[in-house]
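Engineer:
In this note's numbering, the protein residues as written are -15 to 61.
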């Protein structure tokens, strides 16, 4: 992958559920920044949409980043 292909800045966010230290109750979930990285973003073709079963998915683009430790499928962009 060429560095010039990574021209879109994106933010990876992970969900955090705060916990009250006094009562131990969980608060409302919140999204926090995990990392800000450069990515290659390209729209999905019709073939890719069918393969991704887009009727059940929200995927509209393919995003490629360099390998990064700690990135999980539960994170959002």
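Even for Gly, the Cβ is constructed at its ideal location relative to N, Cα and C.
Report the partner residues of residue -2 according to the DSSP bridge assignment.
Structural biologist: 16, per the DSSP bridge assignment.
Engineer: Relative to the C-alpha of residue 2, which residue among 42, 56, 16 is closest?
Structural biologist: 16
Engineer: Is the separation between the beta-carbon of residue 25 and that of residue 45 shorter than 9 Å?
Structural biologist: yes
Engineer: Going by DSSP, what residues sit across from residue 60 in a beta bridge?
Structural biologist: -3
Engineer: Keeping to the same chain, check which residues put their C-beta closer than 7 Å to that of residue 59; ignore five residues upstream and five downstream.
Structural biologist: -4, -3, -2, 18
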